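17 is the number of the first residue of the sequence shown in this note's numbering; add one for each residue after it.
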Amino acid sequence: MEGLSRTNLVSDTFYGTRDDITEQFGIMWGQIKAPLIVPLLRISVFLCLVMSVMLFIERVYMFVVITLLKVFGTKPEKRYKWEPLKDDVELGNSSYPMVLVQIPMYNEKEVYQLSIGATCGLSWPSDRIIVQVLDDSTDPITKNLVEIECQRWASKGINIKYEVRDNRSGYKAGALKEGLKHSYVKQCDFVAIFDADFQPEPDFLWQTIPFLVHNHELSLVQARWKYVNADECLMTRMQEMSLDYHFSVEQEVGSSTHAFFGFNGTAGVWRIAAIDEAGGWKDRTTVEDMDLAVRASLKGWKFLFLGSVKVKNELPSTLKAYRYQQHRWSCGPANLFRKMCMEIIRNKKVSLWKKVHVIYSFFFVRKVVAHIVTFVFYVVVLPATVLVPEVEVPKWGAVYIPAIITLLNAVGTPRSLHLLVFWILFENVMSLHRTKATFIGLLEAGRVNEWIVTEKLGDGLKLKSATKAFKKHRMRLGDRIHLLEFAAGAYLFFCGCYDIAFGTNHYFLYLFIQAFAFLIVGFGYVGTFVPNS
Numbered sequence: 017m018e019g020l021s022r023t024n025l026v027s028d029t030f031y032g033t034r035d036d037i038t039e040q041f042g043i044m045w046g047q048i049k050a051p052l053i054v055p056l057l058r059i060s061v062f063l064c065l066v067m068s069v070m071l072f073i074e075r076v077y078m079f080v081v082i083t084l085l086k087v088f089g090t091k092p093e094k095r096y097k098w099e100p101l102k103d104d105v106e107l108g109n110s111s112y113p114m115v116l117v118q119i120p121m122y123n124e125k126e127v128y129q130l131s132i133g134a135t136c137g138l139s140w141p142s143d144r145i146i147v148q149v150l151d152d153s154t155d156p157i158t159k160n161l162v163e164i165e166c167q168r169w170a171s172k173g174i175n176i177k178y179e180v181r182d183n184r185s186g187y188k189a190g191a192l193k194e195g196l197k198h199s200y201v202k203q204c205d206f207v208a209i210f211d212a213d214f215q216p217e218p219d220f221l222w223q224t225i226p227f228l229v230h231n232h233e234l235s236l237v238q239a240r241w242k243y244v245n246a247d248e249c250l251m252t253r254m255q256e257m258s259l260d261y262h263f264s265v266e267q268e269v270g271s272s273t274h275a276f277f278g279f280n281g282t283a284g285v286w287r288i289a290a291i292d293e294a295g296g297w298k299d300r301t302t303v304e305d306m307d308l309a310v311r312a313s314l315k316g317w318k319f320l321f322l323g324s325v326k327v328k329n330e331l332p333s334t335l336k337a338y339r340y341q342q343h344r345w346s347c348g349p350a351n352l353f354r355k356m357c358m359e360i361i362r363n364k365k366v367s368l369w370k371k372v373h374v375i376y377s378f379f380f381v382r383k384v385v386a387h388i389v390t391f392v393f394y395v396v397v398l399p400a401t402v403l404v405p406e407v408e409v410p411k412w413g414a415v416y417i418p419a420i421i422t423l424l425n426a427v428g429t430p431r432s433l434h435l436l437v438f439w440i441l442f443e444n445v446m447s448l449h450r451t452k453a454t455f456i457g458l459l460e461a462g463r464v465n466e467w468i469v470t471e472k473l474g475d476g477l478k479l480k481s482a483t484k485a486f487k488k489h490r491m492r493l494g495d496r497i498h499l500l501e502f503a504a505g506a507y508l509f510f511c512g513c514y515d516i517a518f519g520t521n522h523y524f525l526y527l528f529i530q531a532f533a534f535l536i537v538g539f540g541y542v543g544t545f546v547p548n549s
């Protein structure tokens, strides 16, 4: 009896303490809610609605432009002079421009043969093309394999150069810059650039070079990407949807209306004179390609996007690789925006309209606002209104605008419309890292210049490597858990439970589904789901 009494006493003490803590928390919450939380949340809702409207207007504008382009059929051949290059009996092959093809690579053991083989197979007069392999590999085995592959193609009569450096200063930008310093490059007029996993078709140069030859105001011809592993898993399908919109809408609209867009870093041909005039490659950010494009544009050069020319490449098929890539792609533009904003404003060679397009539309809305509003509004602020019912979000901002934006984004990949819900959830999850990277770039914080090469598996090793990676992840649970996603998922789940118990906003279904998506990514399972079609 005495033991039982002690147990009851401890139990009563525990529950009494718990009730006291809960009551104190409730009192404290009530004291700060009205004077502090409610005003801050209302301001946050207002700012998010403003950013949503900005993004909405941008998406609608691009949809209208791309629709007009499709209806009236304004093809590149109509905007610029294009005719096939022809043989000259007197001059022979010297009538064709000299083309340099650069392949920067770093420990690309799985794909080096694909890119070197494809570029060496480009159809062009053999004495008017130089293939330059820029190998920054630190793995001696990979380095040796790449050199042997270059020697093998050289023995077949291909003019291929194997170039190495003592260090990786400047990463990709540094390698490309050093590559242009070699004496044999002085005879070249144009340079085509392909990353190590890109495989151009044999007629790539015949389709792109004539635009540069016949239109001296053009400095860049950018081709579209084609993904060899889009159907590998659900994550690669989501990437395909995002990138298809980027190419079929953003790049096409920029090319057609302003003759400006961001160079994608690969699958493009540059006029070497334009690179030199713009100041060459710079390694001040992790988006050296976009940096060069903006500087060349400020010098008055025009760009052309060729959606009809596609180059095969590989999408990141592991969450780790994709997260690193998205950090670079989000942090770099924000940091470049910080560095170049005043330079763009002070420039006198381009029109005011083009300045507005580059600063507001290209940089601010697409590279900053789009990331921040996706995470802050749909993952933080909207769920918070469940906890603070005094703050309401109008239906047009919570439902209608995001629904329209989502549908406009989906036009790039019609075959994946049935995966639209998954895409929304996945984009919201990735917005966490994109927003973090954006602020790192704007503030030039710790990881602002972090450069990690995206892991590639190659066609032949893909199934084997994916199986090995999955088994490895199963054995190492600690490496698979991502705490940020897990924390966001827990927050959304709590808000969903609160909405069911006390709320009036009825967002609980969205909150639970989005929480589930965060938790799936948090546990590292996103790359293991394979869509049926």
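Idealized CB from N, CA, C, for every residue including glycine. Just so it is clear, the structure is predicted and the values come from calculations on it, not from any experiment.
Item to complete: Return the chain-ordered list of same chain residues with a C-beta closer than 7 Å to the C-beta of residue 464, the five sequence neighbours on each side being excluded.
Response: 347, 351, 456, 457
Worksheet entry | Exposure of residue 301, with buried meaning 16 or more beta-carbon neighbours within 10 Å | buried
Discussion item. By DSSP's criteria, residue 118 is part of a beta bridge. Which residues make up the other side?
Written reply: 148, 209
Worksheet item: Residue ranges of each alpha helix (DSSP H) run of no fewer than 4 residues wholly in the segment 157–227, ordered along the chain?
Response: 187–195
Discussion item. Any beta carbon of chain D sitting closer than 7 Å to that of residue 190?
Written reply: Going by chain labels, chain D is absent from the structure shown, which holds only one protein chain.
Discussion item. Output needed for residue 356: all residues of its chain with C-beta closer than 7 Å, excluding positions within five of it in sequence on either side, in chain order.
Written reply: 310
Discussion item. Counting C-beta neighbours from all protein chains within 10 Å, is the total for residue 128 16 or more, i.e. buried, or is it exposed?
Written reply: buried
Fill in: residue 511 versus 531, 499, 498, residue with shortest Cα-Cα distance
531
Worksheet entry | Residue nearest to residue 288 in terms of C-alpha spacing, selected from 312, 266, 307, 271 | 312
Fill in: Own chain residues within Cβ distance below 6 Å of residue 405, not counting five before or after
520
Worksheet item: Out of 110, 202, 515, 260, which has the shortest C-alpha to C-alpha gap to residue 431?
Response: 260
Item to complete: Please report the residue range of the alpha helix (DSSP H) in which residue 340 lies.
Response: 335–362
Discussion item. Please report the distance separating the alpha-carbon of residue 537 from that of residue 337.
Written reply: 13 Å
Worksheet item: Of the residues 442, 468, 473, which one's Cα is nearest the Cα of residue 253?
Response: 442
Discussion item. One question on the structure: do residue 218 and residue 133 come within less than 7 Å of each other, judged by their Cβ atoms?
Written reply: no
Worksheet item: Are residue 179 and residue 150 close, meaning C-beta to C-beta below 7 Å?
Response: yes
Discussion item. Taking a contact to mean a Cβ-Cβ separation below 7 Å, would you say residue 611 touches residue 390 in this structure?
Written reply: Examination of residue 611 is not possible in this model, given that the chain is present from 17 through 549 alone.
Practice prompt. Measure how close the beta-carbons of residue 206 and residue 286 come, nearest whole angstrom, since I'm counting them as under 8 Å.
Written response: 7 Å
Practice prompt. Count the other CB atoms, across all protein chains shown, that sit within 10 Å of the CB of residue 416; report buried if there are 16 or more and exposed otherwise.
Written response: exposed
Practice prompt. Please name the residue in 341, 264, 290 whose C-alpha comes closest to that of residue 324.
Written response: 264
Practice prompt. Determine the contact status of residue 213 and residue 363, defining contact as a CB-CB distance below 7 Å.
Written response: no
Discussion item. Using the three-state DSSP reduction, which class does residue 551 fall into: helix, strand or coil?
Written reply: Absent from the model: residue 551. The displayed extent of the chain is 17 to 549, so no value can be given.
Worksheet item: In chain order, which continuous runs of the alpha helix (DSSP H) of length 4 or greater are located wholly inside the segment 223–300?
Response: 250–261, 268–273, 288–294
Practice prompt. Quickly, what does DSSP pair residue 108 with across the bridge? List them, please.
Written response: 104
Discussion item. Tell me the DSSP secondary structure of residue 432 in three-state form.
Written reply: helix
Discussion item. From the DSSP secondary-structure annotation, give me the bridge partner or partners of residue 326.
Written reply: 240
Discussion item. Just to confirm my understanding: we take residue 388, look at its own chain, exclude 5 residues before and 5 after, and list those with CB closer than 6 Å. What are they?
Written reply: 451
Worksheet item: Could you give the distance in angstroms between the alpha-carbon of residue 469 and the alpha-carbon of residue 191?
Response: 14 Å
Discussion item. Let me check one thing: in DSSP terms, what residues is residue 320 bridge-paired to?
Written reply: 237
Worksheet item: Buried or exposed: residue 153, going by 16 or more other Cβ atoms within 10 Å of its Cβ?
Response: buried
Practice prompt. Report buried or exposed for residue 367, applying the criterion of at least 16 other Cβ atoms within 10 angstroms of its Cβ.
Written response: exposed
Worksheet item: Would you call the segment 87–94 and the segment 111–127 in contact, with 3 or more CB pairs under 8 Å?
Response: no
Item to complete: Flag this pair as touching only if the segment 372–380 and the segment 266–284 have three or more C-beta atom pairs under 8 Å; answer yes or no.
Response: yes
Fill in: For residue 332, three-class secondary structure by DSSP
coil
Worksheet entry | Closest Cα partner of residue 204 within the set 277, 397, 353, 144 | 144
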